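First comes the structure, then the notes that go with it.
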Amino acid sequence: MTLKTAWAIRDRLVNINQLDRNTERGSKCNCFCISCGSELIARMGDHMAYHFAHSSDSNCSVESIQHQLAKTIIAESISDSITTADNNPIYKSFGYEVELENVELEKTLSEGHIVADCFVNHDNKPFAIEIFYTNIKGSAHIEKYHDTGIPALEIDISGMDLDLSRDELKKFVLHDAPRKWLRKTKIKQEASNDFIDSDSIDKLNGISADDAILKLEELHKNNLLYGFVSATGECGQSSFQRKEKIVVQSINGVIESNNNYVLARGHVAKNIPVNIIIPQSGYAMKKCLSPTLVVTLDPRGIHHRANWHGIDKWKQKLQYQANLEADKKEQSRLKRFAKDDSEITIEDICIMYKESSLADFYSTLYKYTGLELSNLPFIQNEKKMTNWNCPRAVWRAIILLVFVKQGQELECDMLASDMYMSDAFDWDFRYTENRSKEVYFWLDKHFKALGAKRKHLTYQFFKSKLPKNFDSMIVDLITN
């Protein structure tokens, strides 16, 4: 399935909903892929959510787009603050929330051995930002950062939701996404006072069971002990995202406390038991086999974070529900196409054309209208016409299905400049008059047999006067 995204680059980051549907649809949006830089097309129809799609085949993935999107948000957030993390491995005194200054993307460090996703200079204390999705930075990579004396903040964007608004995405990247300073396995003490010592680390890391339960109760009281679970269902050309906020309803108490984590038990809705873990700084979480809310505490009390782990069964259920909703949405879309032919519009057919290859378009057209063209010899070899930038069968099928069969009035010059067809076929305005003439002379040969009337460049068709065998005539009308 073609990758769909709501985000693109046009001088700067732009959301599909910022575009003007009337003037910036299709290739007129002048937007480019955040990841690969190729041209995008703005899909802004009535049957599915607005989105950008690549104008040609692309190997872009959700991961690559999210990765580049996060970097772009950071680069465009100069003078805004960003939340870092506790226990900076290089600077003993470093703000937990600092202002972004002089952000550089893809910055080469350590004589070319490191390329930082983002490089920030804050009060002459530079630091790097690494965007994490699935590829974990190895110890050798972290060692190089330490050797350069530059700390690296890793931001985990694997939970990024591309359907969020610009402000919500910005808040997620700058503050809410899980983050930590990349650290060596064993931290070497440095003589300089600029570096953090082991005692400071112990003070920051340590949290007693009593403190943990107090903090959890405080978060619970303030309705902050929750995480989101989401799933996107897809069916045909429709998609549906289901997102649920799962809140801890009660806390039973701490059952284990050690140097790595504090473990508590609680319940969510329907009295389902869950684990609640507060990991100590630097502890790498292992895979959770049962529902577990991992709570990362902010020592400054500003940005606590909580994420659910070990919830495969919950996700499967949510995915099932999302798939059902997507199926309902697709069925609703198909019903719109499958209704009486009088309801099919130029826009409907143009959307079919834009959303599929030419071969798929013919099969889709047959599915919704009963007009079979794909197995005809002249169709298989037919080329795009210069004036129309599409095969002859396509624009003639639109006229026959929308105007003739539905008994509507057709103005040749208006059709030749139709907005939906222009968007779908990427028309050249210089050929508008040529298109108008082709429509006129083609219909001039057939309008009497179709029971129509002509006045100047306008044809009026009547459903009641169509030949009884009109459906069987359509293919012959298209070819002649």
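All the letters of the sequence shown, read from the start, carry residue numbers 1 to 480 under UniProt numbering. Glycine is no exception: its CB is placed at the ideal position from the N, C-alpha and C atoms. Remember, predicted model here, so these are calculated numbers, not experimental data.
What is the DSSP secondary structure of residue i, reduced to helix, strand or coil?
| i | result |
| --- | --- |
| Phe462 | coil |
| His146 | helix |
| Asn193 | Residue placement at Asn193 is poorly supported in this model, since its pLDDT is 37, which falls under 50; the coordinates still yield a value, given next. Coil. |
| Lys468 | coil |
| Ser110 | helix |
| Asn252 | strand |
| Val103 | coil |
| Glu372 | coil |
| Asp340 | Note that Asp340 scores a pLDDT of 48, beneath 50, so its modelled location is shaky and nothing firm can be said. |
| Ala231 | strand |
| His175 | helix |
| Tyr226 | strand |
| Tyr362 | helix |
Which residues in the same chain have their Cβ closer than 8 Å to the Cβ of residue i, if we skip the five residues on either side of it in sequence?
| i | result |
| --- | --- |
| Pro467 | Ala449, Leu450, Gly451 and Met473 |
| Glu76 | Arg12 and Leu13 |
| Lys437 | Cys412 |
| Asp418 | Ile346 |
Got a sec? Which residues, its chain only, sit under 6 Å from residue i by beta carbon, not counting five neighbours each side?
| i | result |
| --- | --- |
| Asp176 | none |
| Glu104 | Phe119 |
| Ile372 | Position check: residue 372 holds Glu in this sequence, whereas Ile was assumed. Excluding sequence neighbours, Glu372 sits near Tyr366. |
| Ser110 | Lys144 and Thr148 |
Are any of the Cβ atoms in chain C nearer than 8 Å to that of residue i?
| i | result |
| --- | --- |
| Glu99 | Of the protein chains in the structure, only one exists, and it is not chain C. |
What do you reckon, are the CB atoms on residue i and residue j nearer than 8 Å?
| i | j | result |
| --- | --- | --- |
| Tyr226 | Val262 | no |
| Ile129 | Asp117 | yes |
| Ser38 | His54 | yes |
| Leu443 | Ala397 | no |
| Cys31 | Cys60 | no |
| Lys71 | Ile131 | yes |
| Lys329 | Phe240 | yes |
| Gln280 | Asn260 | yes |
| Ser56 | Cys36 | no |
Name the two residues that bound the continuous beta strand (DSSP E) containing residue i.
| i | result |
| --- | --- |
| Ala152 | Ala152 to Asp156 |
| His309 | Arg305 to His309 |
| Arg12 | Arg12 to Asn15 |
| Arg242 | Ser238 to Val247 |
| Trp181 | Arg179 to Trp181 |
So residue i and residue j are supposed to be a Cβ contact under 8 Å. How far apart are they, rounded?
| i | j | result |
| --- | --- | --- |
| Asp156 | Pro126 | 22 Å between Cβ atoms; not a contact. |
| Ala42 | Leu19 | 6 Å |
| Glu99 | Ser81 | 6 Å |
| Val115 | Glu106 | 6 Å |
| Leu289 | Lys215 | No, Leu289 and Lys215 are not in contact; Cβ-Cβ is about 25 Å, not under 8 Å. |
| Ile278 | Gly266 | Contact flag wrong, Cβ pair sits at about 12 Å. |
| Val294 | His309 | 6 Å |
| Gly26 | Asp423 | 4 Å |
Any heavy atom of the ligand FMN within a distance shorter than 7 Å of the CB on residue i?
| i | result |
| --- | --- |
| Ile90 | The ligand FMN is absent from the structure shown, which contains no ligands of any kind. |
So the alpha helix (DSSP H) residue i belongs to, where does it begin and stop?
| i | result |
| --- | --- |
| Asn434 | Thr432 to Asp444 |
| Phe132 | Here Phe132 belongs to no alpha helix (DSSP H); instead the beta strand (DSSP E) covers Lys125 to Phe132. |
| Val62 | Val62 to Ala75 |
Report all residues from its chain with a CB closer than 7 Å to the CB of residue i; omit the five preceding and five following residues, and keep chain order.
| i | result |
| --- | --- |
| Ala85 | Leu153, Arg179, Lys180 and Trp181 |
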